[in-house]
Amino acid sequence: MAVALLQAVVTGVLVGGIYACMAVGLSVVFGVMNILNIAHAAFALLSAYLAFWAFKLWGLDPILSLLGTIPILLALGAGTYQAFIRPIRNSPPLMSLLLLFGLAHILEGGMLLAWSGDYRSINTSYTATSFALGEITLSTTRSIGFVASALVVGGLSLFLKRSYLGKAIRATMQEREAALLMGVDIDHVSRVAFLLGIGTAAVGGTFLGLVYAFYPYLHFMWIGRLFAIVVLGGMGSVGGALAGSIVLGVAESVTASFTASVWSELVAYAILVLTLVVRPSGLFGRGR
Amino acid sequence: MSQPGQQTRGQVMRAAVGAGVLLVLATVPVLTSSIYLMHVLIVSFMFVVLAVSWNIIGGMAGYVSFGHVTFFALGAYLTAILYRDLGASPFLTAPLGGILAAAVAFFLGWFTLRLREDYFAIATLGLAFIFEVLAWNLPVTGGGSGIMLTAPNFGIHLTKAVFYLCMWAIMVATVFTSWAIGRSRFGYGLASIREDEAAAEVVGVRTVRLKRVAFVLSAFFPGVAGGIFSYYIAYIEPGTVFDHSISINVVIMSILGGIGTTLGPVLGAVILSLVSEVMNVVVVSEAKLVVYGVILVSAVLFLPQGILGRLRGAPGPAAVAAPAGPSQVQEG
Chain A
1 MAVALLQAVV TGVLVGGIYA CMAVGLSVVF GVMNILNIAH AAFALLSAYL
51 AFWAFKLWGL DPILSLLGTI PILLALGAGT YQAFIRPIRN SPPLMSLLLL
101 FGLAHILEGG MLLAWSGDYR SINTSYTATS FALGEITLST TRSIGFVASA
151 LVVGGLSLFL KRSYLGKAIR ATMQEREAAL LMGVDIDHVS RVAFLLGIGT
201 AAVGGTFLGL VYAFYPYLHF MWIGRLFAIV VLGGMGSVGG ALAGSIVLGV
251 AESVTASFTA SVWSELVAYA ILVLTLVVRP SGLFGRGR
Chain B
1001 MSQPGQQTRG QVMRAAVGAG VLLVLATVPV LTSSIYLMHV LIVSFMFVVL
1051 AVSWNIIGGM AGYVSFGHVT FFALGAYLTA ILYRDLGASP FLTAPLGGIL
1101 AAAVAFFLGW FTLRLREDYF AIATLGLAFI FEVLAWNLPV TGGGSGIMLT
1151 APNFGIHLTK AVFYLCMWAI MVATVFTSWA IGRSRFGYGL ASIREDEAAA
1201 EVVGVRTVRL KRVAFVLSAF FPGVAGGIFS YYIAYIEPGT VFDHSISINV
1251 VIMSILGGIG TTLGPVLGAV ILSLVSEVMN VVVVSEAKLV VYGVILVSAV
1301 LFLPQGILGR LRGAPGPAAV AAPAGPSQVQ EG
């Protein structure tokens, strides 16, 4: 019992780490632009499909193919920002929400056309393997995903803390008007933030695709989880997104271990709804 | 700007034309023997119901819901279950489907409507998934194998005509309710919430209560339509009634036609139903999502006030994209 619980918690932390990679990006975009990128997970899923293709067609390992998929996704993200996000950046948040909802459907339909609605998975030589650590076992793919995500999140927070651009991003997140008056180029900061978000989606999506089977509609499940995480952690809070990811990963994993797996699908939405009822500003959010 | 309840000559004219068109539509089963035409119109009417009802909360109050399909599905499942277990005719139990959907909306609205608009949108998306997962997994819904109904048989033409008139009646009720709200004190209250909720609260509009009433009303009509729909297609399963393209379609219809008005969603629903019907013939079904997405994105970018708004001479996208306030000092 105790071992089973420990096993579930460890597995949950590993998956939560991959969630964190995507959630942090989503949170930064929200913090800077006050835009909820509902297409975030669709970009993530697209990179999983690209990794699938690279592996299927050329036998490229997903970790290696990230070198190609990240630039592709960033180019796509830059185009999206320029063509769709920038023109409506001063419109009410509702308009951007609707626009990104439409964009999510375009991406989903595109993936459906390109790869059909079948379940796909990336079956590398180490996919089903695991290694033992005392009494618990660690899945290889989940561990790799966790380490990679930790590197991305660590790098991102270092960038936000240390670099000039990172400071400008944080300043914009805290007080947009003041940042503007201090000479921050909001347009540039917004573009960088949006691309950072897409970058995290590319990495997180690839590793989720390495761990689980996927199909085009799945991005709505992923975005549901990511929303639950950023709402729980507090919108626009990077630390909150990190904490929320681990909480959700563990809660899902524990639920899946001790009940029918159906209920673990509902955990994210239960957390989302409960947070919205009890504390809409989230664990680390500032009051609204 | 006219006062609530007061009528201008133009408004009376428009209402009369609208009523005339609806009455003519009621005679279609007598005029045509085409089963196909009636089917297309039944589906179009259903989407008019869904879009116009969505617009009550999403357009008039500005609280966009991405889970409108939930209420439709609740109605569909309730009547199907009552039919299967008690043999009750969906023609009689469809209003119960509406009441169930309204009750669920009342409960959900109790906490989600205290939130900001974008939080509300996410919450409705999440709730739609919760209900979908329940439909797949609860024993009472039959899970993935769904529920079979035996459609009534009065002869092919008469059967279609009965369903046609049922859907027509629900559509008339929905459109009339929306039209009446738009001209009432309640409707002006919703508009004040959409324009500036904080200001509305300050001048004494009971925002939470108005939003809750709007949400309950917007849930009732799809519930009734869902109840009739399940009898019409005689077989429901989660994939059909929780089809998430319904949720995006109602949003597109409202935006495309003109969000916040009654005529706009009607216009949008008719146009999109026709587009969808044409696409059934012209493109592979996988491409439909892409087309819907492109329509929504283009509508937001180029036609934010909808076709109706453009016809009435609303400002173009450039003027809408630059609201007053401190954000005007943005980067150029």
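In order, the protein sequences belong to chains A and B. Position 126 of the first sequence, counting from 1, maps to 126 under the working numbering, and the rest follow consecutively. When you read off a place in the second sequence, starting at 1, and then add 1000, the result is the number in the working numbering. Cβ coordinates follow ideal geometry from the N, Cα and C atoms, glycine included. On a predicted model such as this, the values are computed, not experimentally measured, just so you know.
Please go through the same chain and pick out, in chain order, the residues whose beta-carbon is closer than 6 Å to the beta-carbon of residue i, but skip the five residues on each side of it.
i	result
A1319 (chain B)	At A1319 (chain B) the pLDDT is 38, less than 50, meaning the model places this residue with poor confidence; the figure from the coordinates comes in the next sentence. For A1319 (chain B), where only same-chain residues beyond five positions count, there are no Cβ hits under 6 Å.
F220 (chain A)	none
Y126 (chain A)	T140
A2 (chain A)	none
T1079 (chain B)	P1090, T1093, A1094, G1097, G1227, S1230
F101 (chain A)	I38
Rounded to whole angstroms, how far is the Cβ of residue i from the Cβ of residue j, which I believe are closer than 8 Å?
i	j	result
I1307 (chain B)	L1267 (chain B)	6 Å
L1115 (chain B)	L276 (chain A)	6 Å
I169 (chain A)	V32 (chain A)	6 Å
G134 (chain A)	G25 (chain A)	Incorrect: roughly 34 Å between the Cβ atoms, too far for contact.
I1236 (chain B)	A1076 (chain B)	5 Å
T1262 (chain B)	S1178 (chain B)	4 Å
G1109 (chain B)	F1215 (chain B)	4 Å
Just grab the DSSP bridge partners of residue i for me.
i	result
M1148 (chain B)	B:Y1235
L133 (chain A)	A:I136
For residue i, which three-state DSSP category applies?
i	result
L138 (chain A)	strand
F214 (chain A)	strand
R120 (chain A)	strand
M1197 (chain B)	Per the sequence shown, the amino acid found at residue 1197 (chain B) is Glu instead of Met. In the structure shown, E1197 (chain B) sits in a helix (DSSP, three-state: H, G or I).
A1073 (chain B)	helix
G233 (chain A)	helix
L272 (chain A)	helix
Q82 (chain A)	helix
H105 (chain A)	helix
E175 (chain A)	coil
V277 (chain A)	helix
N37 (chain A)	coil
D1085 (chain B)	helix
Y1292 (chain B)	helix
L1113 (chain B)	coil
F1032 (chain B)	It is worth fixing the name first, because residue 1032 (chain B) is Thr in this sequence and not Phe. Residue state, collapsed to three classes: coil.
V1266 (chain B)	helix
T259 (chain A)	coil
D1118 (chain B)	helix
Y126 (chain A)	coil
N90 (chain A)	coil
S1285 (chain B)	coil
M1 (chain A)	coil
T1261 (chain B)	coil
Q1305 (chain B)	coil
N1153 (chain B)	coil
S1184 (chain B)	coil
Could you name the residues of the same chain whose beta carbon sits closer than 8 Å to that of residue i, not counting the 5 residues immediately before and after it, in chain order?
i	result
L248 (chain A)	G16, Y19, R225, A228, I229, L232, V267, A268, I271
Y215 (chain A)	G117, D118, Y119, R120
F1120 (chain B)	Y1063, V1064, S1065, T1112, L1113
L1037 (chain B)	V1028
Strictly under 8 Å for the Cβ-Cβ distance: is residue i near chain B by that measure?
i	result
G102 (chain A)	yes
F311 (chain A)	There is no way to answer for residue 311 (chain A), as the model of chain A reaches only from 1 to 288.
E265 (chain A)	yes
F284 (chain A)	no
L26 (chain A)	no
F207 (chain A)	no
F220 (chain A)	yes
F84 (chain A)	yes
V32 (chain A)	no
G110 (chain A)	yes
R288 (chain A)	With a pLDDT of 44 at R288 (chain A), under the threshold of 50, the modelled position of that residue is not reliable, and the figure given next carries that caveat. So yes, R288 (chain A) belongs to the interface.
V29 (chain A)	no
Are the C-beta atoms of residue i and some chain A residue less than 8 Å apart?
i	result
V1283 (chain B)	no
T1112 (chain B)	yes
A1121 (chain B)	yes
P1350 (chain B)	This structure cannot speak to residue 1350 (chain B), because chain B is shown only from 1001 to 1332.
A1287 (chain B)	yes
Q1011 (chain B)	no
Could you name the residues of the same chain whose beta carbon sits closer than 7 Å to that of residue i, not counting the 5 residues immediately before and after it, in chain order?
i	result
P941 (chain B)	Residue 941 (chain B) is absent from the model: chain B starts at 1001 and stops at 1332.
A42 (chain A)	A104, L107, E108, H219
V1040 (chain B)	E1277
G1143 (chain B)	W1136, N1137
V189 (chain A)	V32, A168, I169, T172
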